[in-house]
Each structure stands twice: as structure tokens, then as C-alpha cells.
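Quick mapping for you: the protein sequence lines, in order, are chains H and R. Take the first sequence: its letter number 270 is residue 270 in the working numbering, and every next letter is one higher. Take the second sequence: its letter number 102 is residue 455 in the working numbering, and every next letter is one higher. Note that beta-carbon positions come from the ideal geometry of N, C-alpha and C, so glycine has one too. Structure first, then comments.
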Amino acid sequence: MNSNSFPAAPQDRGGPAQPLLIVRDLKKHFPVRGGLLTRKRQFVHAVDGVSFSVPKGKTLGIVGESGCGKSTTARLIARLMAADSGSMIFDGDGVEEYGGIHLKEFRRNLQMVFQDSYASLNPRLSITETIAYGPRIHGVPAAEANRLTRDMLARVGLEPDQFGARYPHELSGGQRQRVNIARALAFDPRMVILDEAVAALDKSVQAQVLNLLQELKDERQLTYLFISHDLHVVHYLSDHVMVMYLGEVVETGPVEDIYSQAAHPYTRALLSAVPSMDPDHRTQLPPLIGDPPNPIDLPGGCRFRGRCPHAYPVCETQTPPLMAVGVSPHHLVACHMNNTQSGHPNSSHEISA
Amino acid sequence: MTAYLPIPPAVAATRSYWATVWYQLLRDPMALSITFILLLIVSAAVFAPWLAPADPYKASMLNRLLPIGSEGHLLGTDELGRDMLSRLMYGGRISLLMGVIPVLAAFIIGTATGLLAGYVGGKLNMAIMRVLDVFYAFPSVLLAVAISGALGPGMSNSLIALSLIFIPQVVRVAESVTTQVRKLDYIEAARMSGAGAFSIIRVHVLSNVLGPVFVYTTGLLSVSMILASGLSFLGLGVKPPEPEWGLMLNTLRSAIYINPWLAALPGVLIFITSIAFNLLADSVRTAMDIRR
């Protein structure tokens, strides 16, 4: 498939050193409905001050357990939901700011693939109609949009003559997710958010779709934001990993640093819960005990302390900031044990993982 | 670089949703026979000026209340000696119109309002739905009588009254389906494509809302016909000498001890037609209930 058949790729504006997406201090608090006479309004702190940047052509993996704010972060970035505060810079242009990039243009450059492959396809539209819809919205003539659709279908491994006229219920889960990928890529975006995009697929189909995603990324210089709770998959696809807990980033760093020398107790607990393929490396540590606290009334200090085996009084009084750890300046951890100034008794010496 | 699986050259034709529904209906013997009966009644009404054996307004004092099967009057004559068969055929025109027009009006206005309320949501939804809830506070027959009574008798006023009764019901169905559909990922995906609200509603929401609303409104056809006949029976609908099934039932009421079969004829027609509409709605519902 040659890429000349698509509309000209959006221009690279900021140069290779400019991160494609910079997110600063993103916040979303959902109000909780109290009774009619309840004075105090309460909030769920779904995303609480998340900042990160994604370099061009790289994949940022976001991991964390259910309810930690991964998907909310994705929807905030895609502007499917309005953020309470925070700003975004897409390749040097402020998103929806004066003199910045307009929402419609931003969304052409940033596409999203959803977890539920069935719910993300309109059951009343054929596959061709679904994929051609986006380009038509952006003013591509019908014949051109149909040709583009055929190219995209072929590219994701679906024979256009066989699948183009079909309806979503006539496809398997893997085929539907390929259609979703084709739809996202029909815009020729520069960045794709994959929100648990392979979570609902069988392992073998998952591998095929992951390989397809990797191929497409190399072919079109895409940048991925890959959201998943599957640590194996994140390891395979990501260059950089961000671990979230209760709406906050607790650890972020290059993928090998995170997987080989995780510094946050939560990350270590997550990694130790992954079943090992090697019988000599069985999981020895007990898994994490208890549930995350109620996100409505969060504990002060470190949010993880209630489940942390290393919790000390200092964790209750002070919120740990994200600080560099180890050799890489990009490996940041929010834990008092990493900070020799914090007063945590374990902070001075290395803890064995 | 992409390897396809070997595929058979003959590709199975896939039908669109509505084509499948149509195919299902054609294979349903119940739906076919009901459609045949309805077509018979509708064409008798539509072609009444050519098919009717006599003038429906021509009275004859000598031939009053002739029984069914009389010479020259196949279904007898009414209390003024007018030919029953002709009057029933002409009456069908008004009765059927009174059944269809309010439902059609409610379908269009109700779907549009429901889509608006469901898609926009929030305070607008609250405002629209709570105002319409007021209509639910009254029994629909009572409300129809009250509105027609306030507007005065006449066919157009009863059409308005009936439409006003059905609109809130259709809005409620359309609103609830729209609210469900609006939260699905394909709407989010459409928003991601940069499409405006109008395009999303037209392409993605309407196609999914129309089905359930259509099923619901076909069920209203018989209700509308019965209510319209009821209004005419009470003297709030069409005025004599206009032939209309409900009104005919009223004027023949006095003849029930003299010639009960004759007096029952308009009622029988109302009964058959509304049952036919109901059964057709049932068949349509079954045909549309394919997993999509």
C-alpha cells in the first residue's frame, strides 16, 4: 500500500524535538449528587493533575487498575469530555487556544480506538459507510472517500470486496477492531489513542492486532497513547510507561526502567501480580491487599499509603512529589522512599524488589 | 504485504437492515394475510366513489332499516334508508384518515422532539419531559374528549386533539432510545471525526431511533382509530350526514332492538381494522427484532 494514495500528511510543524503532545496539569472532578438538602458538594477526583508529554513516533503506555482514571484521561485528551483545568499543546500549538489548533483540525490529527469494538460501530451502517463517514465530514468527495475506504480496509487485512458491504454484527471481534483501526487511520492522523483497544480480544487475535498496530505505526510514523491494564501488552508496544493510581501519576519512565527497576511500591505490586511464564520465577510476594480507597474522600498525603507495606507517618502528612530516580532523568517516582529528604526511614537505603 | 485468507469467489450478498426486515415480513404468513385484509378495507374506502353501489347520502323513507341481504341493498339500509354498504365504504375514508393522520403527525413531531430532548440532555431534556408528563396525568380518552370539547366539534379539531395525545407518548419512546444511543462509543467516534451535532443525529442517531419509534407508532394506529370513532360517537368528531364509522354506530344505536346485526356493522368494521393494525404492528415488531 503506498501512502501517496492518501491526502497529504499533515505537516510536521515543531520539528523532531518538539513532543507531539504535551499535557499539563489535567484535572477532572465529577460532582457527586448529594441529597437535596446536603450542603457539601462532593467530588470524585477522577483525574487529578496529570502531566506528561509524548515524543513524536513513540508510544506512551498508561497502566493502572480499573477506576484509576486511565480512560477519563483519554477522553479528556480527545476532548470528548471537558477538563476542569489543564492545558494541552499539540506539536507546538495550543489546543483550542487563541492562535492555536482548532478542535476539528486537532481531532483529524488525533484519533481514538475504543475498547468495545461492537459499541463503537453503528449497527445500521455498513463497514464502508462507517469508514467513509469521517473523510466525508472533512470534505472528501464520495468517490475519493470510497477509494480511501477500500485502501484502508485492505491495509488492515480485510478484503474490501468481501467486507465493505457487511454490517458490524456479521464480523468477529478481531475483524471489528480492524475496522475501528481503519476508521481511525482514514483521517491520516498523527496520533492515535488506543483505549484498551485489544483488551476484549482473544490472545491470538490480540497478537495479530498488536502486530498490525506496530506495523502501521512504523509505516505512518504514528504516535500512540496506549491505555491498558495488561502489563505484557504494554511492555510489548510501549517506549515509555506511565503508572496511574487514583487519578495521579505515581511512576513514569522508559519501559525497560519500569519493568526492570520499578521504584514505586504500587508498580512493584502490579508487576509481581503478572503471572510469569517461567516456573523458576514464580510470584512469591503476596498480591496487593484491599481495594483502592473511595475516590470521593481521598486520604491526605500519599494516596497509596493505605495499601502500602512501607507506609510511615510521613506518608500521611506529606504528598510525595514526582522526582527523578536512578540513572535515567526520565524515570520519575512519587514516593517518599525515593526522596532522602523526606524523612521516610526507608529512604536512605535501597529496597530490594 | 497483506495476505488475505483464501476466499470463495462468490461473495454472499448482505442485506441492509431494512431489507432484512422487509424479507422477514414477506415470509410471515400472518403479516401477509393481515396486509391483504387491510388492503381490501383501504382500497374499498379509497375507491368508494367508483365501487359504491349507491349514493351514501340519498335517503329513502320507504326503505328504512332493511335487513342485511335485502334486494338492492347488500348490507341493508340505515335509519334514514341510506345504503349501508356505500356508507360504510365512504365512512372508511374518514375513519381511516382519522386513524392515520394523528399518528403520522405524532410520529414526525414526537420523534423530532424526542431526539432533541435525548441528544441535548440536561436541563432541556428535563424541561421537555416534565412538561409532557403533564399529559400523562390525564387518561388519554378523557383528555381527547376535553381537548375536542374545548376546540369544538369537527374533524380537524379531533385530529388536533388526537395528535396532542399521541405526541407525548412518541416523545417518551424517542427520548429514551436516544438517551441510550447517545452514550454509545460510535457516537463518541463520530464526534471524534469532527462531525457536527446535526450530522451525528441524522446519520448515527436517527437510524437507530427510528426502528423502536416506528414499532410503537404502528401500535397507535388502532388506538387512534378507536378514539376517533369514540369522539364521533360522542358527537365531537364529524357531523351528520357525513358517513363515519363511529358516528354511524351512534345514529344506529336506536335501531339495536329492531335490527341488531345492522346496528353492529360499523362496530364490526372498527373492530376488524384495529385488530388488523395491531397484528400488523406485532408482525413488524417481530421482524425488526433481529439482532443488530
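By how many angstroms is the C-alpha of residue j removed from the C-alpha of residue i?
i, j, result
"Gln341 of chain H", "Ala334 of chain H", "13 angstroms"
"Asp188 of chain H", "Asp93 of chain H", "19 angstroms"
"Gly253 of chain H", "Gly157 of chain H", "34 angstroms"
"Asn346 of chain H", "Ile258 of chain H", "20 angstroms"
"Arg183 of chain H", "Arg305 of chain H", "43 angstroms"
"Leu201 of chain H", "Thr571 of chain R", "40 angstroms"
"Arg369 of chain H", "Ala207 of chain H", "This structure gives no information on residue 369 of chain H, because the portion of chain H shown stretches from 1 to 353."
"Glu597 of chain R", "Pro382 of chain R", "31 angstroms"
"Ala46 of chain H", "Asn478 of chain R", "26 angstroms"
"Ala608 of chain R", "Val591 of chain R", "21 angstroms"
"Gly425 of chain R", "Leu404 of chain R", "14 angstroms"
"Phe43 of chain H", "Asp84 of chain H", "12 angstroms"
"Leu647 of chain R", "Asn612 of chain R", "Residue 647 of chain R falls outside the range modelled here, since chain R spans only 354 to 645, and no answer is possible."
"Thr430 of chain R", "Asn416 of chain R", "7 angstroms"
"Phe226 of chain H", "Ala640 of chain R", "42 angstroms"
"Pro309 of chain H", "Asn338 of chain H", "15 angstroms"
"Met442 of chain R", "Arg435 of chain R", "13 angstroms"
"Arg638 of chain R", "Phe551 of chain R", "28 angstroms"
"Val205 of chain H", "Phe630 of chain R", "48 angstroms"
"Ser71 of chain H", "Leu385 of chain R", "50 angstroms"
"Gly67 of chain H", "Ser51 of chain H", "18 angstroms"
"Leu20 of chain H", "Gly173 of chain H", "31 angstroms"
Is residue i helix, strand or coil when you go by DSSP?
i, result
"Val327 of chain H", "coil"
"Ile127 of chain H", "helix"
"Leu21 of chain H", "strand"
"Tyr410 of chain R", "coil"
"His426 of chain R", "strand"
"Gly343 of chain H", "coil"
"His296 of chain R", "Summary: the structure shown does not reach residue 296 of chain R, with chain R confined to residues 354 through 645, and so no result is reported for it."
"Gly49 of chain H", "strand"
"Tyr610 of chain R", "coil"
"Tyr245 of chain H", "strand"
"Met81 of chain H", "coil"
"Val568 of chain R", "helix"
"Ile520 of chain R", "helix"
"Asp202 of chain H", "coil"
"Glu251 of chain H", "strand"
"Gly157 of chain H", "coil"
"His229 of chain H", "coil"
"Ile137 of chain H", "helix"
"Ala353 of chain H", "Confidence is the limiting factor: at Ala353 of chain H the pLDDT is only 42, short of 50, which leaves the residue's position unreliable, though a coordinate-based value still follows. Ala353 of chain H falls in the coil class under three-state DSSP."
"Asp381 of chain R", "coil"
"Asp538 of chain R", "helix"
"Val162 of chain H", "One point to set straight first is that residue 162 of chain H is Gln, not Val, in the sequence displayed. Note: Gln162 of chain H maps to helix in three-state DSSP."
"Val63 of chain H", "strand"
"His264 of chain H", "coil"
"Pro362 of chain R", "Interpretation of Pro362 of chain R is limited by its pLDDT of 44, a score under 50 that renders its predicted location unreliable; the figure taken from the coordinates is listed afterwards. The answer is coil: DSSP assigns Pro362 of chain R none of H, G, I, E or B."
Between residue i and the rest of its own chain, which residues show a CB-CB distance below 6 angstroms, the 5 nearest in sequence each way excluded?
i, result
"Met354 of chain R", "With a pLDDT of 47 at Met354 of chain R, under the threshold of 50, the modelled position of this residue cannot be trusted; read the value that follows with caution. Correct list: empty, nothing qualifies."
"Ala197 of chain H", "Val113"
"Ala262 of chain H", "Arg268 and Leu271"
Any idea which residues DSSP pairs residue i with across the strands?
i, result
"Asp93 of chain H", "H:Phe90"
"Ile101 of chain H", "H:Val95"
"Lys28 of chain H", "H:Val47"
"Leu110 of chain H", "H:Met191"
"Asp298 of chain R", "Residue 298 of chain R is absent from the structure shown; chain R starts at 354 and stops at 645."
"Leu563 of chain R", "Partner(s): none; Leu563 of chain R has no beta bridge."
"Thr223 of chain H", "H:Met191"
"His240 of chain H", "H:Leu60 and H:Pro254"
"Leu332 of chain H", "H:Thr252 and H:Ala324"
So, for residue i: in the same chain, excluding its five sequence neighbours on each side, which residues have a beta-carbon less than 8 angstroms away from its beta-carbon?
i, result
"Leu212 of chain H", "Val156, Gly157, Arg178 and Ile181"
"Arg446 of chain R", "Ala398, Val399 and Ala401"
"Gly164 of chain H", "Ser126, Ile127, Thr128, Thr149, Arg150 and Leu153"
Only counting the same chain, and skipping five residues up and downstream in sequence, which positions put a Cβ closer than 7 angstroms to that of residue i?
i, result
"Pro455 of chain R", "Leu512, Leu515, Ser516, Phe519 and Ser577"
"Leu231 of chain H", "Val63, Leu270, Leu271 and Val274"
"Tyr118 of chain H", "Pro168 and Arg176"
"Arg440 of chain R", "Pro409, Asp431, Pro596 and Met601"
Is it the case that the CB of residue i approaches a heavy atom of the ligand COA more closely than 7 angstroms?
i, result
"Gly67 of chain H", "For the structure depicted, the ligand COA is absent and the ligand set is empty, with no information on it obtainable."
Beta carbons nearer than 7 angstroms to chain R: which residues of the region 111-122 of chain H have them? Gln111, Met112, Phe114, Asp116, Ala119, Ser120, Leu121 and Asn122
The region 461-490 of chain R: positions lying closer than 8 angstroms to chain H by Cβ: none
Residues from the region 78-93 of chain H in contact with chain R, defined by Cβ distance under 9 angstroms: Ala78, Arg79 and Leu80
Name, going along the chain, the residues of the region 528-542 of chain R whose beta-carbon falls closer than 7 angstroms to a beta-carbon of chain H. Leu537, Asp538, Tyr539, Glu541 and Ala542
At a Cβ cut of 7 angstroms, what residues of the region 563-586 of chain R count as close to chain H, listed as they run along the chain? none
Which residues, taken in chain order from the region 122-135 of chain H, show a beta carbon closer than 9 angstroms to some beta carbon of chain C? Chain labels in this structure do not include chain C; the protein chains are H and R.
Listed from N- to C-terminal order along the chain, which residues in the region 96-107 of chain H have their beta-carbon within a distance smaller than 7 angstroms of any beta-carbon of chain R? Lys104 and Arg107
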